[in-house]
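Numbering of the sequence shown is given in the numbering used here, commencing with residue 14 and proceeding in unit increments.
Built from N, CA and C at the ideal position, the CB exists for glycine as well.
Some notes on the structure that comes next.
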Amino acid sequence: AHSSIAGPAAASRLVHTSAQAGDSAASAPTGPLRVCVVGGGVVGLTCALRLLQLNQDAADPTAPTATTATTTPAPLARPIEVTVLAAGFGADTTTAGAAGLWGPYKLSGTEALICRWGSATYDHLMDLAHSGLAAEAGVSLCAVNSLYPQPEELPFWRHIPYNFQLLDDRMLNSVGRVGAPSSSASTSSSASSSSFATSPSSSPPSSDPPPLRCRWGYHWNSVVCEGTHYLPFLTAAVETAGGRLQRRRLAALSELDGGSVDLVVNAAGLGARELLGDGEVYPIRGQILRVRAPWVTQASRMRARR
């Protein structure tokens, strides 16, 4: 029989508990702890890498790793073998199509977890963004303006990102293009001019969008992690640390029974709908349009008027 857990932090904590010293000598199993991570997206590969890093921690407690624990863990009595099993890797995962901008969204009452996990993710990505691995990992800095039609309650996570501050009136007017003529007004004005077709000095109808209805907002520094680069980066790290990748589609987790697996980490994401028969799992977002606009150096998030 095997245990099933989910998430990098839970995976690290439970596996360490299973593999650490202190088991009774009579009942302690011998050989490595065999872990199967189901799912080849960013969560699955991160779980696999973190578990493999426990072996590195045990071999050299002074070596720098991605450890985020505040206490020194007990030494491992058993090495950990990790296999990542997934129906698809790379471009076949949800991660590959994600925009990758760090920012809490659709929280569903998980504020405490966001503060802990979101902060750890932000710090990790910021470290990558300021390292020589930034280009390889697909990580870059990005300033964000969050815009609203009226004042809102400040976000509870505002202590996590760098340089969180309210937007002043000048910035709001600039971003919202306050005072700019609307496209409809410009078009109407141009259309009413009889000299438009004959006068070289006449301006064509404006293609600018109408002014934004934003009267309040805040600015903060975020980070973009592009899945198309980050997945190969994680994959290489997992394989370098001794992990194995296996492409295989499971119909049910019970297929992993039979004594070949001691622990299963479920990182199937949307695949859990079929894998576990969980009809409550469904996608809620997924429309991303990629455009070539190198002059755009900031991200803007705007809430429409309610």
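task = Pull up the distance between the alpha-carbon of W308 and that of V277, whole angstroms please.
result = Position 295 of the sequence shown, counting from 1, holds the residue named residue 308. Position 264 of the sequence shown, counting from 1, holds the residue named residue 277. Roughly 45 angstroms between the two C-alpha positions.
inquiry  = If I follow the unbroken beta strand (DSSP E) through L258, where does it start and stop?
reply    = The residue labelled residue 258 in the question sits at position 245 within the sequence shown. From DSSP, the beta strand (DSSP E) with L258 extends over 257-260.
query = Does the beta-carbon distance from N68 to P45 come in below 7 angstroms?
reply = Sequence index remark: in the sequence shown, residue 68 carries index 55 (1-based). Sequence index remark: in the sequence shown, residue 45 carries index 32 (1-based). No. Outside cutoff.
ask   = Counting along the chain, where does the alpha helix (DSSP H) carrying Y135 start and finish?
value = Working through the sequence shown from its first residue, we reach residue 135 at position 122. Looking at the DSSP string, the run of the alpha helix (DSSP H) that includes Y135 is 132-142.
inquiry  = Quick check on H242: does DSSP put it in helix, strand or coil?
reply    = Along the sequence shown, one-based indexing puts residue 242 at 229. Three-state result, H242: helix.
message = By the DSSP assignment, the alpha helix (DSSP H) with S267 in it spans what residues?
response = Along the sequence shown, read from residue 1 onward, the residue named residue 267 stands at position 254. S267 -> no alpha helix (DSSP H), and no H or E assigned at all.
inquiry  = On the DSSP letters alone, give me the boundaries of the alpha helix (DSSP H) that E287 sits inside.
reply    = Along the sequence shown, read from residue 1 onward, the residue named residue 287 stands at position 274. Counting along the chain, the alpha helix (DSSP H) containing E287 begins and ends at 285-288.
query = Are L65 and A254 closer than 7 angstroms when you measure CB to CB?
reply = If you number the sequence shown from 1, residue 65 lands on position 52. If you number the sequence shown from 1, residue 254 lands on position 241. Yes; because the gap between Cβ atoms is below 7 angstroms, this pair is in contact.
message = On the CB-based measure, 16 or more other CB atoms within 10 Å of its CB, does E268 come out buried or exposed?
response = Stepping through the sequence shown from its first residue, residue 268 is reached at position 255. By the 10 Å Cβ count, E268 comes out exposed.
key: Contact set for S207: own chain, Cβ-Cβ below 6 angstroms, skip 5 residues either direction   = Sequence index remark: in the sequence shown, residue 207 carries index 194 (1-based). In this predicted model, S207 has a pLDDT of only 39, less than 50, meaning its place in the structure is not dependable; the value taken from the coordinates is given anyway. No residues qualify anywhere along the chain.
task = Please name the residue or residues paired with G103 in a DSSP beta bridge.
result = Here residue 103 is taken as the residue at index 90 of the sequence shown, counted from 1. Its beta-bridge partners do not exist; DSSP assigns none.
inquiry  = So, under 8 angstroms CB-CB, I301 and A112 are touching, yes? Tell me the CB distance rounded to an integer number of Å.
reply    = Residue mapping note: residue 301 aligns to position 288 of the sequence shown, counting from 1. Residue mapping note: residue 112 aligns to position 99 of the sequence shown, counting from 1. Rounded, the Cβ-Cβ distance is 5 angstroms, consistent with contact.
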